[in-house]
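In our numbering, the protein residues as written are 25 to 532.
Virtual Cβ for every residue (Gly too), placed ideally from N, Cα, C.
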């Protein structure tokens, strides 16, 4: 179950335990239980501080992580391997008494929750977004005895996945009712429970020298470059990480042969935190006005003043705008094959989009699904030849060009896709359980005032210093008219915008 290298790494972490740990496991003689038993037995052999006891719990197989004689509220139903192995290690350390790396103010907010909350999170072990949610809810369970959390490995609990109609991961249930679906940070979860986050402790009267809107690669780079100049820097961030958090393997960040998106952006956030930057999370900008200062209005009602501004709000997956798209989001419509692909194992799937992203997704999904249909509006695919060659070599893939998607239909979840042949105008139906939409990006700029010039696609126009047509207002990353949308280019443009803002300030 665990190779020697993994055991050696785990043993090092187990030396950090601050108290004994007891695995309370519910197991029977099924293959799934035997796998969990083998896993827990192997872990217990690595430290004398770990013991395994068997007891009947709500789900079999599952196990709790507790200090002896206590209940932590942290439970795993299934195997915490793959991307969830880090969640398992952190849970061990935190239940043992090691403090989670969370601000004291956040811990105090968690402790104020005074009603019983039982969370259940359905995950797939290949999902790189799931651990963020699992680890956040585990922290809440360790900190507050009113809260409990169970990670449920969807592959081992497929019947329950089908029963609850879980069509995307992570999907969280609270006290038996669906709570959320998709990646969330701890602050986002608390905001959903308790309401909008209070930023009254941030000094809003004295203007920032540089304020950055957005927490992706461009925003992170801009904040670091600005803070390194020793000037007052702030960030308005919905969720830190941006679209990169949905990227699995990254192999083109120079000097880093391979890294996963969440890991990269966690490192960027840690880098930002090394400087004196005010990060206002779970805040969304809704307007910008240029008066004596640049004034940024937030949806929470606050107005933040700054001498210069860097807009780095990134981009999101483009919608196809057909009937059924909104209704079946996370109910068969998905955007991340790495996260949600395993939920469609053995099922028929459609991929809309013939570019690199779409074809990469189709190749990935073909290894899990029964059959994959690729729909491209143009007469031919746009993906690189090497990807097309791989796609056409797969026996369970059908490529349909000149296909205009007309609707996505079903009852509780996706059941079919209707498309029209662009040439003949004939309509056809595909009986599919999942539709993955990958047709490019649209900039997150629809909230901007008309005073800031954009292209007809909504991309912000910037000069060589990253400045917009409004003096003191800069922009960087995928929300701009940059020729190429790449992580490393976004980081560079974030640095350019921050340096441009600094140059602007010293010349005023």
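Should residue i go down as buried or exposed, given a rule of 16 or more other Cβ atoms within 10 Å for buried?
i           : result
residue 327 : exposed
residue 446 : exposed
residue 82  : exposed
residue 536 : Any answer about residue 536 is impossible in this case: the structure gives the chain only from 25 up to 532.
residue 410 : exposed
residue 502 : buried
residue 148 : buried
residue 528 : buried
residue 267 : buried
residue 252 : exposed
residue 450 : exposed
residue 107 : buried
residue 29  : exposed
residue 200 : exposed
residue 530 : exposed
residue 518 : buried
residue 254 : exposed
Beta-carbon within less than 8 Å of residue i's beta-carbon, same chain only, minus the 5 sequence neighbours each way: which residues are those?
i           : result
residue 77  : 46, 47, 48 and 49
residue 473 : 311, 312 and 313
residue 422 : 395, 396, 397 and 398
residue 66  : 25, 26 and 31
residue 416 : 423
How big is the Cα-Cα spacing for residue i and residue j?
i           : j           : result
residue 159 : residue 507 : 37 Å
residue 463 : residue 336 : 22 Å
residue 302 : residue 194 : 29 Å
residue 454 : residue 398 : 11 Å
residue 132 : residue 219 : 15 Å
residue 382 : residue 285 : 18 Å
residue 212 : residue 130 : 11 Å
residue 457 : residue 33  : 40 Å
residue 436 : residue 217 : 26 Å
residue 171 : residue 140 : 6 Å
residue 258 : residue 329 : 10 Å
residue 229 : residue 316 : 13 Å
residue 338 : residue 68  : 45 Å
residue 235 : residue 197 : 36 Å
residue 134 : residue 98  : 15 Å
residue 53  : residue 59  : 10 Å
residue 155 : residue 291 : 16 Å
residue 492 : residue 520 : 13 Å
residue 215 : residue 241 : 24 Å
residue 442 : residue 161 : 39 Å
Considering only the alpha carbon of each residue, which of the options lies closest to residue i?
i           : options               : result
residue 346 : 219, 428 and 240      : 428
residue 90  : 67, 198, 468 and 117  : 117
residue 289 : 153, 177 and 72       : 153
residue 174 : 273, 165 and 218      : 165
residue 206 : 140, 145, 254 and 249 : 145
residue 79  : 70, 467, 359 and 57   : 57
residue 180 : 85, 401 and 403       : 85
residue 87  : 177, 122, 168 and 41  : 177
residue 41  : 496, 124 and 135      : 124
residue 233 : 242, 318 and 401      : 318
residue 482 : 281, 465, 490 and 498 : 465
residue 321 : 471, 167, 277 and 491 : 471
residue 341 : 162, 157, 169 and 460 : 460
residue 182 : 126, 367 and 61       : 367
residue 510 : 490, 271, 358 and 203 : 271
residue 357 : 439, 282 and 254      : 439
residue 500 : 469, 475 and 480      : 469
residue 522 : 243, 494, 157 and 127 : 243
Is the separation between the beta-carbon of residue i and that of residue j shorter than 8 Å?
i           : j           : result
residue 6   : residue 265 : This structure cannot settle anything about residue 6, because the visible part of the chain is limited to 25 through 532.
residue 378 : residue 406 : yes
residue 389 : residue 419 : no
residue 245 : residue 515 : yes
residue 38  : residue 63  : no
residue 498 : residue 334 : yes
residue 186 : residue 137 : no
residue 278 : residue 512 : yes
Kindly list the residues whose CB is nearer than 6 Å to the CB of residue i, restricted to its own chain and excluding five residues on each side of it in sequence; keep chain order.
i           : result
residue 293 : 264
residue 44  : 73 and 92
residue 485 : 477 and 505
residue 262 : 308
residue 260 : 237, 304, 307 and 309
residue 363 : 151, 153 and 193
residue 369 : 392
residue 113 : 37
Sorry if obvious, but does the Cβ on residue i come closer than 7 Å to a heavy atom of the ligand SAM?
i           : result
residue 418 : In terms of ligand content, the structure shown is empty, and the ligand SAM therefore cannot be addressed.
Excluding the 5 residues flanking residue i on each side, which residues of the same chain have their C-beta closer than 7 Å to its C-beta?
i           : result
residue 19  : Because residue 19 is not part of the residues shown, which for the chain are 25 to 532, the question remains open.
residue 248 : 295, 296 and 299
residue 275 : 281 and 282
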